[in-house]
Each structure stands twice: as C-alpha cells, then as structure tokens.
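Here the protein sequences line up with chains P and Z, keeping their order.
Quick note, the working numbering runs 1 ahead of the 1-based positions in the first sequence.
Quick note, the working numbering runs 1 ahead of the 1-based positions in the second sequence.
Backbone N, C-alpha and C fix where the C-beta goes; we use that ideal spot for every residue, glycine too.
There are 2 protein chains.
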Amino acid sequence: MRRDSRLSGVLHVLLHMAEQPGPSTSDTLARAMNTNPVVIRRLMAGLRDRGYVQSEKGHGGGWTIACDLSAVTLRDIYEALGRPELLAIGNRTDEPGCLVEQAVNAALGQTFDEAEMLLLRRFGEISLAMLSADFHARLSKRGGSIALETDHAA
Amino acid sequence: MRRDSRLSGVLHVLLHMAEQPGPSTSDTLARAMNTNPVVIRRLMAGLRDRGYVQSEKGHGGGWTIACDLSAVTLRDIYEALGRPELLAIGNRTDEPGCLVEQAVNAALGQTFDEAEMLLLRRFGEISLAMLSADFHARLSKRGGSIALETDHAA
DNA sequence: TCTCATGAAACTTCATATGTTGCGAGATGG
DNA sequence: CCATCTCGCAACATATGAAGTTTCATGAGA
Numbered sequence: 002m003r004r005d006s007r008l009s010g011v012l013h014v015l016l017h018m019a020e021q022p023g024p025s026t027s028d029t030l031a032r033a034m035n036t037n038p039v040v041i042r043r044l045m046a047g048l049r050d051r052g053y054v055q056s057e058k059g060h061g062g063g064w065t066i067a068c069d070l071s072a073v074t075l076r077d078i079y080e081a082l083g084r085p086e087l088l089a090i091g092n093r094t095d096e097p098g099c100l101v102e103q104a105v106n107a108a109l110g111q112t113f114d115e116a117e118m119l120l121l122r123r124f125g126e127i128s129l130a131m132l133s134a135d136f137h138a139r140l141s142k143r144g145g146s147i148a149l150e151t152d153h154a155a
Numbered sequence: 002m003r004r005d006s007r008l009s010g011v012l013h014v015l016l017h018m019a020e021q022p023g024p025s026t027s028d029t030l031a032r033a034m035n036t037n038p039v040v041i042r043r044l045m046a047g048l049r050d051r052g053y054v055q056s057e058k059g060h061g062g063g064w065t066i067a068c069d070l071s072a073v074t075l076r077d078i079y080e081a082l083g084r085p086e087l088l089a090i091g092n093r094t095d096e097p098g099c100l101v102e103q104a105v106n107a108a109l110g111q112t113f114d115e116a117e118m119l120l121l122r123r124f125g126e127i128s129l130a131m132l133s134a135d136f137h138a139r140l141s142k143r144g145g146s147i148a149l150e151t152d153h154a155a
C-alpha cells in the first residue's frame, strides 16, 4: 500500500510559501514538487476553508499564507486535510459476534488507539513556525540559497 | 485505503485452532471467517515457515498449532506475516535535496518512528496465551458455546 | 485408486492516492 | 471590450496492494 503523503506534501508547500514574499501559483508550486497544479489545489482546498491560506485569481494571483505560523500545528493541518487514515492495519471486523474475534479486536484496537493518539498528540505539539525555524537552521548551516526551483534538484 | 487486516485475521484463526482438539482445514477456517481457503493458506504460510503452526495433507489433515501460546507474541506473528506497513501516512520523498522537505521529513519521520515503535512494543507485550485467556474470560461471562460455526453469525 | 488436503501460480476485484484533461468563472492589464 | 492569467470543479486515467477466486499439481490416507 503506497503511503499517503498529503500531510508531508502540504507542509512542504506551506513552508515554501512562507519563504515567498508574494503569492505562489499552483503551477509554480506544482513544478517544484514534481506534480500537477490540480494536486496542489486539492491539497490546499481544505486549508483555504479553514482560513490558513488564501487564494486569489487572475494576474498576480495565487496562494498566500493567511495565518500565524506559530499558532497552527501539524494537527490543525492534518484535520484540514480531512483526517486521513493514520494506520495501515486494522481489525478485520468492527463489531464481531464471535468472542474470539472480540478478544482479538480488544487487544489490537487498544494498541491502535494508543498509536493514533500518540501521532495526534505529537502533531499537536509541532507548529508550522517550528518547522520553519528548523528549515532556517539547516539553511544557515549549509549556507545555500532559498530559491524554490534550484533546491529541488534531488 | 482499506486497512490491512491480516494480523487481525490470522490471530482470529489461531485462537480458533487453539480451541480445536484436532487439525482444522483451510476450508473450515475460511468458512468461519467468511473468506476463501486460499486466503487462509496465504496467511498461514509465514507462520508455518517459522514453526508456529504445522500443516498436514490428505485425510484428517489441516492446520495445527505447533508452539507454546505463552511464548509467542503478536510481534512474532506480525513478523511472520512479513512485517506489513503499519502506518498509512508517510513522507513524500525519502531523501530530498530540498532543505524545506528535509525539515518536514525530520519532524514527521521522528513522529512516525515513535508510533511504529509503540505498536511493535505493545505487540511484543501481548502473547497468544493472553488473547486466549481473554477469550475464555469473555466466554464464561457469556456462558455460551465455543462452536466455531455458530459463533460467526455476526 | 479415489478422495481429501495443502502448495503455488495466475488471475479478478476493489479501494484509494495520485496524476491528468477540460471547461467555467473571476480578476487583471492592455 | 478582449486577451491572459489564475483558481474551482468535475471527470477520467493510472498505479498500488489487499483480498478474493480459479486452476492445477502434489502428497497422504482410506
């Protein structure tokens, strides 16, 4: 099962937008991510509905960040994406009549719940500003540019 | 994405086998699980290779448990299944040249690793015997039978 | 020998993230 | 007003992998 990379992708886009002075078009962002503009719009739709980003049509239009990076966590972004499934494995049946399966579900289900809660808790502890700060730390350590296009060679 | 239920399924099968005096055929197990005998054989193949179960052909053949239930954990079973993916989400790119994506990957990757380790640790703490004990506790509380067929109405 | 059972390979089905195309609507600049 | 740029949305194509199915071969027991 190919892993869902929407959260990873949209965070990447957001941090790039944060480095841009003006709006970024879906097309520019898509080229940088080696994907399609429509994919970018799909990712951003949920964030726009929640007011984390803004979109403008026409000349000079595109996407702009519309929130305080330190006030938005990865969990907020995750929920804006529609809370995609976190775990790749699960119980075979939700409410089985079989007592054996109930025992299996109880043990596995509790473990699954713990793992999901851990993920959500960690997401809630990381703000976009922290990611941005980490990026800038890496940048000054390397001493490179922040040009969106050139950095995407690999 | 439909969740992978192989671990759930194979545990269900194992606990039913543990209640059976003799061998259980793939066909019988498949009917109880509302699935196909081939699916059962696929699930069991990895466990057979590790010696957790045994298979016999011909009349009176089928699957038998060949291990001490208290010595085998859910983690052992998970590994016998080939260590399927645990998380449904992941990073977009494994080793990105882009520093922004590196920062995103670092934060997400650490969180993902924690969640995976939590799952594996918990799996390692639960033995098949514990699941079986939980089943028997549920059984005596309900006072029903352990007939494999009748319990699978729902 | 006939029947029962597993073993293995090759398919089909299904769900879903991802990629793509096309058209409409709104905004900007000439 | 018109051309161009941009997003919004719907519809379709692609790829992956679990689950389900079919078929044949193999070995064991009656």
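Same chain, Cβ closer than 6 Å to residue i, neighbours up to 5 away in sequence not counted
i	result
T65 (chain P)	P24, Q55
D5 (chain Z)	P85
M1 (chain P)	Outside the modelled stretch of chain P, which goes from 2 to 155, sits residue 1 (chain P), for which no answer is possible.
T151 (chain Z)	For T151 (chain Z), the predicted model reports a pLDDT of 48, less than 50, meaning its position is unreliable and no value from the coordinates is stated.
R139 (chain Z)	none
L48 (chain P)	V54, A81
Q21 (chain P)	none
L30 (chain P)	V14, I41
L12 (chain Z)	none
Of the listed residues the options, nearest to residue i (C-alpha basis)
i	options	result
K142 (chain P)	Z:L100, Z:N37, Z:P85	Z:L100
E126 (chain P)	Z:A130, Z:I127, Z:A108	Z:A108
F136 (chain Z)	P:A67, P:G83, P:G98, P:G47	P:G98
L8 (chain Z)	Z:I78, Z:G110, Z:D114, Z:L70	Z:I78
L70 (chain P)	P:L15, P:H60, P:D28	P:L15
L121 (chain P)	P:N92, P:L12, P:A72, P:E80	P:E80
L132 (chain P)	Z:V105, Z:L129, Z:Q111, Z:L132	Z:V105
G83 (chain Z)	Z:R3, Z:L30, Z:D50, Z:T36	Z:D50
F113 (chain P)	P:I90, P:Q103, P:D95	P:I90
Contacting residues, own chain, Cβ-Cβ under 7 Å from residue i (five flanking each side not counted)
i	result
M118 (chain P)	none
A116 (chain Z)	L88
G10 (chain Z)	M34, L44
D28 (chain Z)	P38
A19 (chain P)	I66, L70, S133
A46 (chain Z)	none
N92 (chain Z)	N106, L109, G110
Chain-ordered chain Z contacts of residue i [CB-CB under 9 Å]
i	result
I41 (chain P)	By Cβ distance, chain Z contributes nothing, its closest Cβ being about 13 Å from I41 (chain P), past 9 Å.
T26 (chain P)	Per Cβ cutoff of 9 Å: no residues; T26 (chain P) is ~18 Å from chain Z at best.
R143 (chain P)	L100
Sequence-distant residues of its chain with Cβ nearer than 8 Å to residue i (five each side left out)
i	result
G62 (chain Z)	P24, T26, S56
G52 (chain Z)	A67, C68
A155 (chain Z)	With a pLDDT of 36 at A155 (chain Z), under the threshold of 50, the modelled position of that residue is not reliable, and no figure is offered here.
T74 (chain Z)	F124, G125, E126, I127, S128, L129
T94 (chain P)	E102, N106
H17 (chain Z)	S25, L30, A33, L149
Chain Z contact residues for residue i, given Cβ-Cβ distances below 7 Å
i	result
L132 (chain P)	A104, V105, A108
N92 (chain P)	S6, S9
L140 (chain P)	L100
Interface partners of residue i on chain P, CB under 7 Å
i	result
E180 (chain Z)	Past the edges of chain Z, shown from 2 to 155, lies residue 180 (chain Z), and the structure says nothing about it.
I127 (chain Z)	A108
L119 (chain Z)	E115, A116, L119
Heavy atom of the ligand HEM within 7 Å of residue i beta-carbon
i	result
N37 (chain Z)	Inclusion of the ligand HEM in the displayed structure is not the case, the ligand content being empty and no account of it being possible.
Closer than 8 Å at the beta carbon, the chain Z residues around residue i
i	result
D135 (chain P)	A104, A107, A108
A31 (chain P)	Ordered by position in chain Z, no residue passes the 8 Å Cβ test against A31 (chain P), which lies about 13 Å from the chain.
Closer than 9 Å at the beta carbon, the chain P residues around residue i
i	result
T74 (chain Z)	Simply none; closest approach about 11 Å.
L48 (chain Z)	Chain P residues near L48 (chain Z): none, gap ~15 Å exceeds 9 Å.
T65 (chain Z)	Going along chain P, no residue has its Cβ under 9 Å from T65 (chain Z), so there is no contact; the nearest lies around 17 Å.
Minimum length 4: unbroken alpha helix (DSSP H) runs contained in the region 16-78 of chain Z: 27-33, 38-50
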